[in-house]
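A.B. asks:
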Amino acid sequence: MADSIHSTSRSAERILILAPTPSDASLCERFLREAQLQSEICADTAALCAALEQPAGALVVAGEALRGDVGACIREQFSRQETWSSLPLIVLTRRLAKASLEALDDYDIYGHVRLIERPVNRTVFVNGVKMALRERRQQYRIRDLLDERAEHVAQRDEFLATLGHELRNPLAAIMTCGEVLESLQLEAPPASRCLSVIATQAMQIKRLLDDLSDVSRIARRKLSLQCEPLELATALQDVVVQAQSTLEARNQRLELDLGDDSMALLADATRLRQIFANLLVNASRYSPDASLIRLSARARDGLAEVCIRDQGVGMSAETQARIFEPFFQAPQGEGEAQTSRSGLGVGLTLARSLVELHAGTIHAESDGLGKGSQFRVVLPLQTAPRTEASQPPPGQRARRHPSSSQRILLIEDNLDFGSGLKRLLEQRGHEVVLAHDGPGGLSAAESHRPDVVVLDIGLPGLDGYEVAARLRRLVGCDDLRVIAVTGFGRDVDRHRSHRAGIDRHLVKPVAMPELEAAIAGR
Numbered sequence: 039m040a041d042s043i044h045s046t047s048r049s050a051e052r053i054l055i056l057a058p059t060p061s062d063a064s065l066c067e068r069f070l071r072e073a074q075l076q077s078e079i080c081a082d083t084a085a086l087c088a089a090l091e092q093p094a095g096a097l098v099v100a101g102e103a104l105r106g107d108v109g110a111c112i113r114e115q116f117s118r119q120e121t122w123s124s125l126p127l128i129v130l131t132r133r134l135a136k137a138s139l140e141a142l143d144d145y146d147i148y149g150h151v152r153l154i155e156r157p158v159n160r161t162v163f164v165n166g167v168k169m170a171l172r173e174r175r176q177q178y179r180i181r182d183l184l185d186e187r188a189e190h191v192a193q194r195d196e197f198l199a200t201l202g203h204e205l206r207n208p209l210a211a212i213m214t215c216g217e218v219l220e221s222l223q224l225e226a227p228p229a230s231r232c233l234s235v236i237a238t239q240a241m242q243i244k245r246l247l248d249d250l251s252d253v254s255r256i257a258r259r260k261l262s263l264q265c266e267p268l269e270l271a272t273a274l275q276d277v278v279v280q281a282q283s284t285l286e287a288r289n290q291r292l293e294l295d296l297g298d299d300s301m302a303l304l305a306d307a308t309r310l311r312q313i314f315a316n317l318l319v320n321a322s323r324y325s326p327d328a329s330l331i332r333l334s335a336r337a338r339d340g341l342a343e344v345c346i347r348d349q350g351v352g353m354s355a356e357t358q359a360r361i362f363e364p365f366f367q368a369p370q371g372e373g374e375a376q377t378s379r380s381g382l383g384v385g386l387t388l389a390r391s392l393v394e395l396h397a398g399t400i401h402a403e404s405d406g407l408g409k410g411s412q413f414r415v416v417l418p419l420q421t422a423p424r425t426e427a428s429q430p431p432p433g434q435r436a437r438r439h440p441s442s443s444q445r446i447l448l449i450e451d452n453l454d455f456g457s458g459l460k461r462l463l464e465q466r467g468h469e470v471v472l473a474h475d476g477p478g479g480l481s482a483a484e485s486h487r488p489d490v491v492v493l494d495i496g497l498p499g500l501d502g503y504e505v506a507a508r509l510r511r512l513v514g515c516d517d518l519r520v521i522a523v524t525g526f527g528r529d530v531d532r533h534r535s536h537r538a539g540i541d542r543h544l545v546k547p548v549a550m551p552e553l554e555a556a557i558a559g560r
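Numbering of the sequence shown is given in the numbering used here, commencing with residue 39 and proceeding in unit increments.
(1) From the DSSP output, in three-state form, read off ALA240 for me.
(2) Quick check on the burial criterion: 16 or more other C-beta atoms within 10 angstroms. Buried or exposed for SER442?
(3) Alpha carbon to alpha carbon, what distance is there between PHE366 and VAL471?
(4) Does the separation of the CB atoms of LEU317 and LEU268 fall below 7 Å?
(5) Is it buried or exposed, MET241, if we count other Cβ atoms within 10 angstroms and call 16 or more buried?
(6) Which same chain residues end up closer than 6 Å to THR524 when comparing Cβ atoms and leaving out the 5 residues on each side of it in sequence?
(7) Which first and last residues belong to the alpha helix (DSSP H) in which PHE116 is found?
(8) Flag ASP195 as yes if its beta-carbon sits less than 7 Å from any beta-carbon of chain D, otherwise no.
(9) So the beta strand (DSSP E) ASP295 belongs to, where does it begin and stop?
(10) Out of curiosity, what's the CA-to-CA distance linking ASP327 and LEU553?
(11) Along the chain, where does the beta strand (DSSP E) that runs through VAL351 open and close?
(12) Decide if VAL235 is buried, meaning its Cβ has at least 16 other Cβ atoms within 10 Å, or exposed.
(13) Beta-carbon within less than 6 Å of VAL277's beta-carbon, same chain only, minus the 5 sequence neighbours each way: which residues are those?
(14) Would you kindly check if the distance between the Cβ of ALA89 and the Cβ of CYS80 is under 7 Å?
(15) Under a three-way DSSP split, which group does LEU399 fall into?
(16) To the nearest angstrom, how far is the alpha carbon of LEU462 from that of LEU341?
(17) Can you look up VAL520 in the DSSP assignment and give me helix, strand or coil?
(18) Between LEU75 and VAL351, what straight-line distance do the alpha-carbon atoms span, to the nearest angstrom?
(19) Would DSSP call HIS468 helix, strand or coil?
(20) In terms of DSSP beta bridges, what is ALA267 paired with?
(21) Leaving aside the five residues before and after ALA482 along the sequence, list all residues of the same chain whose C-beta is less than 7 Å from its C-beta, in chain order.
(22) If you draw a straight line from the C-alpha of THR131 to the C-alpha of VAL151, how long is it?
(23) DSSP has ALA335 in a bridge; who is on the other side?
(24) Identify the residues that DSSP records as bridge partners of VAL505: which are they?
(25) Quick check: the Cα distance between GLU343 and GLN223, rounded to an integer number of angstroms?
(26) Return the Cβ separation of ASP249 and GLY458 in integer angstroms, given the expectation that the two are a contact with Cβ distance under 8 Å.
(27) State yes or no: is the C-beta of ARG174 within less than 7 Å of the C-beta of GLY95?
(28) Contact check, ARG445 vs ASP489 under 8 Å by CB: the rounded distance?
(29) I need the DSSP call for GLN177, collapsed to helix, strand or coil.
(30) Does the separation of the CB atoms of LEU407 and SER329 fall below 7 Å?
(31) Considering just the uninterrupted stretch of the beta strand (DSSP E) at ILE446, what are its terminal residues?
(32) Starting from ILE154, trace the beta strand (DSSP E) in both directions and tell me its first and last residue.
(33) Among ASP475, LEU417, ARG537, which one has its Cα closest to the Cα of VAL548?
(34) If you check the beta carbons only, do ILE243 and LEU292 fall under 7 Å apart?
(35) Kindly indicate which residue of ASP252, GLN465, LEU453, GLY467 has the alpha-carbon position closest to the one of ASP475.
(36) State the Cα-Cα distance for the pair ARG288 and LEU294, rounded to the nearest angstrom.
Here it is, written out as structure tokens:
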């Protein structure tokens, strides 16, 4: 549906009518004209589909029509609406009996639905349409605010990128001069202290600029990873050395528990160290002097889990919900036990984005204010690409593709997680196409004809259940394997997946061996 206009003009408030009979359509049009409301009668399904391509204020249709081609057309058009848009639907029904009201659940996919009994009462009908138009105007206002916000965010990101670039030159000069002065081996104690301050503070500024630059690059989709096989325990030990001076400055103790198991990852070593350095610095900043910080790592079911636990100020439920938002700072009063509230509020945002680029997850947990915090990072362990010698029996494989390599369509609206998972699948020899919403995924399925579809459930507009159901109806996709990789893990979610035709329901974070087995049909 075209929702591109940026004003609530009169043409954007027209009422589309597809009535059961010409006389009903004429009656509805007369009621609206007398109320000085603009309407457009659609003679058939084709006319309605064409009209829905342009902005509209509401849609009036007979209930029985939704069971045929009209309903399919409307569902298709509604699935293409932008996230702010939900065109009000007014359904003319024969009886508002209890059964009709209970059937409202069947209209969930349409969004805003009103049932109006036939024969149509003029007052009820006009008031229903006016209420729908008020809702539509509010949607247009929300759209304008979102557009304005997006413009401001883009300007902010561009400013931060420029600021970081412009500040690096003078910072480089300061750091170079500090090194020159240090090489002179000045003997006066005040000079030595000043040189130490210059070096420490210059490095702090550099770290802040690096964080700002990385956040801006991630927002503009400019950051990429250089992945290679590495051992997680080794990377964590490097991080401990990197953060040691920060901990010692506040006499904080670090308890390290890395276990005995190998934890091999396919990851960007620099970015991985950046993730856990940010988390350790954050734990130190929000913990009192001489407190204990615990860093532990374990391998479990194809996943590596790293936990950083502190005895600091803790978090309220509101802070836990927002802690990874860019530039978010806990409200004053939550961090009173700490000695410093320095920082830009981008370290945790950056950590989350980098974790998701590695196809992992990160969670913040706290029992409340004054009870410390824990950050838990889960990453998929590395699995070697399968060879022909390790192939499953033919009866357990996807029927259409004889080799270990599969054509995979990945449908995921989280761009960072989707990019990370795409890379991991490609490194295992698969051919992967990435789509970011339901309609885009359906279009990619028709053009690329994948062997396997890996999709998220919580997609905008058209959710994963509906995408799966439509995939099953595509010609040539009868042996398609559909796998849900989602944050929804309740029994009811798994049941809905099964009803929608999804073969496997996996819950994020997913271990790569488990996903590989699902892709292979095991």
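Glycine included, each C-beta is placed from N, C-alpha and C at the ideal position.
C.D. replies: According to the structure shown:
(1) Locating residue 240 in the sequence shown gives position 202, where the first residue counts as 1. Of the three classes helix, strand and coil, the one that applies to ALA240 here is helix, per DSSP.
(2) As a first step, residue 442 is located in the sequence shown; it is residue number 404 there, counting from the start. SER442 is buried by the Cβ-count criterion.
(3) Walking along the sequence shown from the start, residue 471 turns up at place 433. Walking along the sequence shown from the start, residue 366 turns up at place 328. Cα-Cα distance, rounded: 34 Å.
(4) Residue mapping note: residue 317 aligns to position 279 of the sequence shown, counting from 1. Residue mapping note: residue 268 aligns to position 230 of the sequence shown, counting from 1. It is not a contact, given that the beta carbons lie outside the stated cut-off.
(5) Here residue 241 refers to the residue found at position 203 of the sequence shown. MET241 comes out exposed.
(6) The count along the sequence shown starts at 1 and reaches residue 524 at position 486. Spatial neighbours of THR524 in its own chain (CB-CB distance under 6 Å, excluding positions within 5 residues in sequence) are listed in chain order as ASP494, ILE495.
(7) Here residue 116 refers to the residue found at position 78 when the sequence shown is read from its first residue. Start and end: 107-117.
(8) In the structure shown, chain D does not exist; there is a single protein chain.
(9) By one-based count along the sequence shown, residue 295 stands at place 257. Counting along the chain, the beta strand (DSSP E) containing ASP295 begins and ends at 291-295.
(10) Residue mapping note: residue 327 aligns to position 289 of the sequence shown, counting from 1. Residue mapping note: residue 553 aligns to position 515 of the sequence shown, counting from 1. Cα to Cα, the separation comes out at about 44 Å.
(11) Locating residue 351 in the sequence shown gives position 313, where the first residue counts as 1. Note, VAL351: premise wrong, no beta strand (DSSP E); not H, not E.
(12) Here residue 235 refers to the residue found at position 197 when the sequence shown is read from its first residue. VAL235 should be labelled exposed.
(13) Within the sequence shown, the letter at position 239 stands for residue 277. When the five nearest sequence neighbours on each side are left out, the beta carbons in the same chain lying within less than 6 Å of the beta carbon of VAL277 are those of ARG311, PHE314, ALA315, in order along the chain.
(14) Working through the sequence shown from its first residue, we reach residue 80 at position 42. Working through the sequence shown from its first residue, we reach residue 89 at position 51. With contacts defined as CB atoms closer than 7 Å, CYS80 and ALA89 qualify as a contacting pair.
(15) Residue mapping note: residue 399 aligns to position 361 of the sequence shown, counting from 1. Looking at the sequence provided, one finds Thr at residue 399 rather than Leu. Three-state DSSP puts THR399 in a strand.
(16) Numbered from its first residue, the sequence shown carries residue 462 at position 424. Numbered from its first residue, the sequence shown carries residue 341 at position 303. For LEU462 and LEU341, the gap between their C-alpha atoms comes out near 14 Å.
(17) One-based indexing of the sequence shown puts residue 520 at position 482. The answer is strand: DSSP assigns VAL520 an E or B state.
(18) Position 37 of the sequence shown, counted from the start, is the residue given in the question as residue 75. Position 313 of the sequence shown, counted from the start, is the residue given in the question as residue 351. Taking the Cα positions, LEU75 is about 58 Å away from VAL351.
(19) Working through the sequence shown from its first residue, we reach residue 468 at position 430. Reduced to three states, the DSSP call for HIS468 is coil.
(20) Sequence index remark: in the sequence shown, residue 267 carries index 229 (1-based). The residue you asked about is not Ala; residue 267 is Pro in the sequence shown. Partner(s): LEU304.
(21) Working through the sequence shown from its first residue, we reach residue 482 at position 444. Taken in chain order, the residues that qualify are LEU447, VAL471, ALA473.
(22) Within the sequence shown, the letter at position 93 stands for residue 131. Within the sequence shown, the letter at position 113 stands for residue 151. Distance between THR131 and VAL151, taken at the CA atoms: about 12 Å.
(23) Numbered from 1 along the sequence shown, position 297 holds the residue referred to as residue 335. Bridge partners of ALA335: VAL344.
(24) Reading the sequence shown from its first residue, position 467 is the one you call residue 505. DSSP output for VAL505 lists no bridge partner at all.
(25) For the purposes of this step, residue 343 is taken as residue 305 along the sequence shown, with counting starting at 1. For the purposes of this step, residue 223 is taken as residue 185 along the sequence shown, with counting starting at 1. Cα to Cα, GLU343 sits roughly 46 Å from GLN223.
(26) If you number the sequence shown from 1, residue 249 lands on position 211. If you number the sequence shown from 1, residue 458 lands on position 420. About 20 Å separates the two Cβ atoms, so there is no contact after all.
(27) To locate residue 174, count along the sequence shown from 1; it is residue 136. To locate residue 95, count along the sequence shown from 1; it is residue 57. By the CB criterion at 7 Å, ARG174 and GLY95 fall inside the cutoff.
(28) For the purposes of this step, residue 445 is identified with residue 407 of the sequence shown, where counting begins at 1. For the purposes of this step, residue 489 is identified with residue 451 of the sequence shown, where counting begins at 1. The C-beta distance from ARG445 to ASP489 rounds to 5 Å, short enough to meet the 8 Å contact threshold.
(29) As a position in the sequence shown, residue 177 is number 139, starting the count at 1. Helix.
(30) Against the sequence shown, residue 407 aligns to sequence position 369. Against the sequence shown, residue 329 aligns to sequence position 291. With contacts defined as CB atoms closer than 7 Å, LEU407 and SER329 fail to qualify as a contacting pair.
(31) The residue you call residue 446 lines up with position 408 of the sequence shown. Where ILE446 is concerned, the enclosing beta strand (DSSP E) stretches over 445-449.
(32) The residue you call residue 154 lines up with position 116 of the sequence shown. Unbroken beta strand (DSSP E) run through ILE154: 151-155.
(33) Numbered from 1 along the sequence shown, position 510 holds the residue referred to as residue 548. Minimum Cα distance to VAL548 is reached at LEU417.
(34) Translated into the one-based positions of the sequence shown, residue 243 becomes position 205. Translated into the one-based positions of the sequence shown, residue 292 becomes position 254. No, the Cβ-Cβ distance between ILE243 and LEU292 is not below 7 Å.
(35) Numbered from its first residue, the sequence shown carries residue 475 at position 437. Distance check between ASP475 and each of ASP252, GLN465, LEU453, GLY467 places LEU453 closest, using alpha-carbon atoms only.
(36) Here the question's residue 288 lines up with position 250 in the sequence shown. Here the question's residue 294 lines up with position 256 in the sequence shown. Our two residues, ARG288 and LEU294, have alpha carbons roughly 18 Å apart in a direct line.
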